[in-house]
Structures are given as structure tokens and as C-alpha cells.
Amino acid sequence: MSTAVSSADSTPIIELRNVSKVFLGSVTALDDVSLQVFPGETVGVVGESGSGKTTLSKVALLLEEPTSGEMRLLGEPISLSKESRNKLRGVVHAVFQDPYSSLNPRFTVRQTLLEPLGPLGIKGDEAKERIMQALADVELSEGDLRKYPAQFSGGQRQRICIARALVGRPSLIILDEPTSSLDALVQAKVLNLLLKLQAERNVAYLFITHDLGVVNRVADRIAVMQHGVVVEQGLSAQVLRNPEHPYTKQLLASVPRVKGDS
Amino acid sequence: MNYTLKKPQDDTKKPQTKKRFQDVNVSLIAGIAIIAGLTLLGVVMTFWPLNNPSLSLGGRLEGPSARFWLGTDDIGRDTFTRVAQAALTGVAVSIAAAAGACMVGAVIGAFTGYVSGWPDKVIMRVVDALLAIPSILIVLILRLVLGTGVWQLVLALAFLYSPSVVRVIRSTVLVTRRSDFVALAEIAGVNTPSILLKYLLPNSLPTLLVQGASVGSNAVVLEAVLSYLGQGIQPPQPSAGRMLYEYTKFMQTSPMLLIAPAMVVFLLTVGWNLTADGLQRALLITRSGVKK
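Going line by line, the protein sequences match chains A and B. Taking our numbering, the leading residue of the first sequence gets 1, the next gets one more, and so forth. Taking our numbering, the leading residue of the second sequence gets 1001, the next gets one more, and so forth.
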């Protein structure tokens, strides 16, 4: 968990103001959601399946257009336009849930890591230096650059995805259930890696998960979502220890505990 | 109780197992062998013919002999050399038609699948319309418009089969474009032409290869039908369909004149179909990973 705390005078990297998203005219995925992510902090978004967490990440990544509301990147309004997408690249990147479908099966690791650098105009020695740095960050070796995704395990693939997200040196990484498809040991390794990288790089995370244990470990602030609505939002310790909303209480009560766990 | 711990296996490495017979892709090997064999025979008989196929070197309707392996036709020309050259024509026309249909179909299919919206709707309605018209009618009209040369025939066949390739590639691209790796490329700012050429088309290649082999098979049959009708390969260039038409009247007296070109059409069709089946199997097996 980072030590960064949001402050009124710092500009949020990304800000959603009263954002709603309605699919097919009747399915409300997001309902009047307001959320800010400040530099260096981790905001955890929790909720059950279908609560609108992934739609929130897609809207923030400009992959879905909000039905209403306003979005801001570093204080400036953004939309689905080409100009806004250009502003977003280099500032925000993402890691998705499924490491198996997140990597182009026909790209080597080198090609995958070069992907975000091309549009940023980073070539030659600088690109090479950044790739080597990203590889070292996620504890992969230079020999892995020539390999294809099929030659890696799920945990290794997710580390390649994290390296790709890091290589463009964004201010914010949106992590949509990045550890859900991994087993407990690999999950712990990936979380440790993310925390270590945050401490080194001061990168902010919007961490979307259904796992309260994970969010407890990584988040500075938490937003709890139910049926597309943010029902409770606040500092991690405050929300997890003294939940106010009945749904948050219900979520906390449903966390499975190992026998003998206090 | 004592337990012996097994050394952990590195699951990222392929297990070194002996190749079993059922692992061998018989269809692909047989299909390619048939097409390659007929091509080789055709090339040899074109550049070093057993007998000059344009000249009447033997008697009328001679039976198989040491000089004329499959006998002669009604004007004394060597049947074996002519059939071998007809096979090469069939291979060349079907490969060219399949390549043309795949190139046009893949580009249009990938574009329409990725862009969606009104361009997709317009293109797909045109494709629907073309697929609804009987293929023989389209080719006959194109032959009237374009002319009766070999390249015009290839163009007509490529045009005829490209709508089916468009449809198949579009459906593959529609699935691939929803992949997370395409969304992540878009987030990174990769432009549309790069997404089409580096992400969508390469991942449609297995489907395209299978579809191409299938088009090759159909093109062989249609070329033979057109030549039978006098609208395909024009004399004096040998063609299996044309030979079938010309020698029908000798079915009773010299059946070899019909059996030989019919075998060429049969073998080429089987060759292409086996290749398509074999490719499908090979590419399905390696779907989870990519061989370099």
C-alpha cells in the first residue's frame, strides 16, 4: 500500500463525475458514479459480479462511451474522440483479468513490450533501455524476449502484461481483476510485485476486484459498488473496519475465513 | 511412511514424447503430395514432353503402348502428355484463384469486421447478394465481360469465391477484435491499419488457409465445368474439362480418353480437400500456441 493520500490541492490523474452507462437503453451498468484517482495512490473498486466494475474500467479507458456524466484526465475533459485517446496514451495503461487473452499469441515478448512505445514515438536505444528495465521490474530475463506467450505459465504471462503496462511509464494503471485467474501463491507474488513497483515508481492503481482480502492489502481508498452505484467510498481502513452501508457489511461478512483465523 | 518427492516438472517445456502414427497429419501430407505430384508431372511433361502434344504422332485412337502410355486421341495426339499438362493447368488456375480470392476476401473481411457500422452493413449485403446468385451464372457473365483468356478465368474465379472468404474472415475478426489484446493495443494507441495487419489478419491466418484450400477444390471443379461448356481454358491449351467434352463420344471405344482427365479432376479435388482437412487439424492443435 502506498503512503500517498489524496489531497484537495493535487489534480487527480483521472476523474469521473456523475458518470452513467446504460446498455441497450435499459441495462444500467453505471449509475451516477463519481471517482477520483490521485498520483501514487491505489483506489480499490470492490463489488460482486455484475456490479459494474468492469464497465467502470472500460469507461475510464475510453473503450466505452458514458451515457451521461463527465470524465477528466489530469484536469482536462476527455471523451471518446481521437484527441482524448491520444492524451490518454502514455498516462494510463491497463492490465486485464485473463493473461491468456491479454497477449497477442503471434507476438514475441519483445514485440509485446514494444507495442505501447511505438505510438509514443519511443524508438531505438531508449526503447531498448525501457524494455530491459520493464523486464527487470517484473523479474523476467532477456532470453524471454524471443519467446511467445504460449511458452509461459499464467503467472508469467500476467507479469508480461504488467511489464507492458509499465514500459510506457504511465501515471496510472487500471488493474481489472489482475489476480483473479491466478492461484494463491502466484497471486501473492503478483501483488507483491505491484506494491514494489508502486513504491519505486509512484504509479497510481485503480484496482478492480471482487476479493476484499486483496483490496485490504493494496488499497489506500475503497469504492464499494452495487448494481452500478458506488454505495460507499472512503479510506481503506475506515471502510473495511467500520462499514456504513449494509451491502459493504454483507460483503465483509461473506469473506471466507480459514478455521482458526482471528 | 517415506515419500519420495518427484522433481518438479517445467510445464513450459514441451514433453519429449515419441511421435505416434495418430499424431502424423496424414490428410495434410497426402493432400500436399497429390497436388505436388500432379504439379511435378505437369512441369516435366510441359518442358520435356514424352511426345509433342500438338502433333499427330500416332494413329487414331490407339490403345496404351510403350510410346503412348495412355494411348492417343481421335487425331493421334499423346493422351498422357496432354492429361499431364491439363493437370498443371488445373493446379495453376486453382492456386491463382484461391490466392486471389483469399487476398481480396481477407482484406475486405478484416476491414468490415473491424470497422463495423454502415460500411459493414453495405459490404455484407453485397456479399449476401453475390452468394445468392448461382456461381456458374456469375462466371459466365464475367467471361462475357472480361474475355476468355486464362488470366480472365482466374480473375472471374477469384471474384466468385472472394465473398465466401469475406464472410468467413469477417466472422473470425469479429471474435478476435473482442480479445483483450486488441483492446489493450487500442489503449496503447496502436493505429487502425496496424491493428488490422498485425493483430487481426495474422490471427485469422489459420482460417484463411483452410478456406483457401477449400476454394482451390471448388475452383478445380468449376474450371472443369466451364471448360466442358467451352467457357474455360481454350484450345489448344489442354484442359481436363475440355477433354471430357471432346472425348465423350469415344466413351464406348476408348474409355481411357475419359478416365484420364476425370482422374485428374478427381485427384486435384481430393488433394485440395485433404489439404483443407489437414490444415484445419494442424491449426486447431496449435491454436493454443504458435509455432515459429
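We treat Cβ as the ideally placed atom computed from N, Cα and C, and that holds for glycine.
Query	Result
Considering only DSSP beta bridges, list what A223 of chain A is partnered with.	A:V45 and A:Q233
Between the beta-carbon of L1279 of chain B and the beta-carbon of A1213 of chain B, is there less than 9 Å?	yes
On the CB-based measure, 16 or more other CB atoms within 10 Å of its CB, does D125 of chain A come out buried or exposed?	exposed
So, with DSSP's three-state summary, where would you put N18 of chain A?	strand
Quick one: is D183 of chain A buried, meaning 16 or more other Cβ sit within 10 Å of its Cβ, or exposed?	exposed
List the residues of chain A whose Cβ lies closer than 7 Å to the Cβ of P1202 of chain B, in chain order.	R106
For M1251 of chain B, name the three-state secondary structure that DSSP assigns.	coil
List the DSSP bridge partners of T1112 of chain B.	Answer is none; T1112 of chain B lacks a bridge partner.
Determine the DSSP secondary structure at E1186 of chain B, reduced to helix, strand or coil.	helix
DSSP state of A204 of chain A, grouped into three classes?	strand
Look at S20 of chain A and P77 of chain A and say whether their C-beta atoms are less than 9 Å apart.	no
Is any beta-carbon of chain B found at less than 9 Å from that of D98 of chain A?	yes
For I122 of chain A, collect the residues of the same chain with a Cβ closer than 7 Å to its Cβ; drop the 5 residues on either side in sequence, then sort them by chain order.	R130
Please look up how many angstroms separate the CB atoms of G270 of chain A and T179 of chain A, rounded, as I've assumed it's under 8 Å.	Outside the shown range of chain A, which is 1 to 262, sits residue 270 of chain A, and nothing can be said about it.
If you measure between the beta carbons of L1244 of chain B and V1265 of chain B, is that distance less than 9 Å?	yes
Over the uninterrupted alpha helix (DSSP H) stretch that includes A1132 of chain B, give me the two end residues.	G1117 to A1132
How long is the line joining the alpha carbons of A127 of chain A and D211 of chain A, rounded to whole angstroms?	36 Å
Suppose contacts are defined by Cβ-Cβ distances below 9 Å. Is A253 of chain A in contact with S236 of chain A by that definition?	no
Could you check whether G1105 of chain B and V1166 of chain B sit closer than 9 Å to each other, using their CB atoms as the reference points?	yes
Is the Cβ-Cβ distance between T1253 of chain B and I1035 of chain B less than 9 Å?	no
By alpha-carbon positions, which one of A:Q158, A:R106 and A:V91 ends up nearest to I1187 of chain B?	A:V91
Residue range of the alpha helix (DSSP H) that T28 of chain A falls in?	No alpha helix (DSSP H) contains T28 of chain A, which is instead part of the beta strand (DSSP E) from V27 to V37.
Using a beta-carbon distance cut-off of less than 8 Å, what residues from the region 167 to 178 of chain A approach chain B?	G168
Threshold first: 4 residues or longer. Then list the alpha helix (DSSP H) segments lying entirely within the region 1135 to 1168 of chain B, N to C.	1135 to 1146
Does the distance from the CB of L140 of chain A to the CB of R164 of chain A come in under 9 Å?	no
Can you tell me whether DSSP reads T209 of chain A as helix, strand or coil?	strand
Just grab the DSSP bridge partners of H93 of chain A for me.	A:I173
How would you call N1273 of chain B, buried or exposed, if buried means at least 16 neighbouring beta carbons within 10 angstroms?	buried
From the beta carbon of V1127 of chain B, is the nearest beta carbon of chain A less than 9 Å away?	no
Using the beta-carbon count (16 or more within 10 Å), is R1125 of chain B buried or exposed?	exposed
Can you check whether the CB of V109 of chain A is closer than 9 Å to the CB of L135 of chain A?	yes
Let me confirm a value: K58 of chain A is counted as buried when at least 16 other C-beta atoms fall within 10 Å, else exposed. Which label applies?	buried
Does chain B have any CB closer than 9 Å to the CB of S102 of chain A?	yes
Could you give the residue range of the beta strand (DSSP E) that holds E139 of chain A?	Counting along the chain, E139 of chain A falls outside any beta strand (DSSP E), and DSSP gives it neither H nor E.
In this structure, what does DSSP give as the bridge partners for S68 of chain A?	A:S20
For a contact defined as C-beta to C-beta under 9 Å, what are the partners of E41 of chain A on chain B?	In chain order: nothing, as chain B lies at least about 21 Å away.
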